[in-house]
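Asks: In our numbering, the protein residues as written are 194 to 287.
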Amino acid sequence: MRLTTALMPHLLKQRSAGILIVSSGLAFVPSAFVPTYSATKAALHSYAQSLRFQLKDTRLRVIEIAPPYVQTELGGKSQVTDPNAMPLGTSSRK
Numbered sequence: 194m195r196l197t198t199a200l201m202p203h204l205l206k207q208r209s210a211g212i213l214i215v216s217s218g219l220a221f222v223p224s225a226f227v228p229t230y231s232a233t234k235a236a237l238h239s240y241a242q243s244l245r246f247q248l249k250d251t252r253l254r255v256i257e258i259a260p261p262y263v264q265t266e267l268g269g270k271s272q273v274t275d276p277n278a279m280p281l282g283t284s285s286r287k
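What follows is the structure in structure tokens.
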């Protein structure tokens, strides 16, 4: 947020520019297992909405990305095989 604020004057001078914010599905549906992560992603979502409103009459666009829940070891071994998580696919390297 501080970097965005610092870069705002430069970005507003551009013919077209964008601010990309990476939130999470947990910004919309929080998890009790990761309350701090969920809360910070919800804050980023709120920031994106507010920033988008403030910049609506400019050429600067605010884009929010909420990546899907994927089968990785990030959330523990059970996430790798969780049928609710999106499979990452296999690598073409052998």
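From the three backbone atoms N, C-alpha and C, an ideal C-beta is built for every residue, glycine too.
These numbers were taken from a predicted model, which means no experiment stands behind them.
Strictly under 8 Å for the Cβ-Cβ distance: is LEU200 near chain C by that measure?
Replies: This model lacks chain C altogether, as it is built from one protein chain only.
Asks: Going residue by residue through the region 214-254, where are the continuous alpha helix (DSSP H) segments of at least 4 residues, counting only ones entirely within it?
Replies: As far as the region 214-254 is concerned, its whole alpha helix (DSSP H) runs of at least 4 residues are 228-247.
Asks: Quick check on this structure: which residue in ARG195, VAL215 and PRO202 has the alpha carbon closest to the alpha carbon of PRO260?
Replies: For this step, residue 260 is matched to residue 67 along the sequence shown. The shortest Cα separation from PRO260 among ARG195, VAL215 and PRO202 belongs to VAL215.
Asks: Comparing C-alpha positions only, which one of VAL227, ALA199 and LEU204 sits nearest to LEU267?
Replies: Here the question's residue 267 lines up with position 74 in the sequence shown. Out of VAL227, ALA199 and LEU204, VAL227 has the C-alpha closest to the C-alpha of LEU267.
Asks: Given a threshold of 16 other Cβ atoms within 10 Å of its Cβ, counted over all protein chains shown, does ILE212 qualify as buried or as exposed?
Replies: What you label residue 212 is simply residue 19 of the sequence shown in a count that begins at 1. Looking at its Cβ environment, which holds 16 or more other Cβ atoms inside 10 Å, ILE212 is buried.
Asks: Could you check whether the region 275-282 touches the region 250-265, counting it as contact only if at least three pairs of C-beta atoms, one from each stretch, sit closer than 8 Å?
Replies: Yes, the region 275-282 is in contact with the region 250-265.
Asks: If I'm right that ARG252 touches ALA210 with Cβ under 8 Å, what's the distance once you round it to whole angstroms?
Replies: Locating residue 252 in the sequence shown gives position 59, where the first residue counts as 1. Locating residue 210 in the sequence shown gives position 17, where the first residue counts as 1. Yes, ARG252 and ALA210 are in contact; Cβ-Cβ is about 7 Å, under 8 Å.
Asks: VAL273 bridges to which residues according to DSSP?
Replies: Here the question's residue 273 lines up with position 80 in the sequence shown. Answer by DSSP bridge pairing: none, since VAL273 is not bridged.
Asks: Between THR274, GLY269 and LEU248, which has its C-alpha nearest THR198's C-alpha?
Replies: The residue you call residue 198 lines up with position 5 of the sequence shown. Of THR274, GLY269 and LEU248, the residue nearest in Cα terms is LEU248.
Asks: Express the C-alpha separation of ASP275 and HIS203 in angstroms, rounding to a whole number.
Replies: One-based indexing of the sequence shown puts residue 203 at position 10. One-based indexing of the sequence shown puts residue 275 at position 82. Approximately 44 Å between the Cα atoms of the pair.
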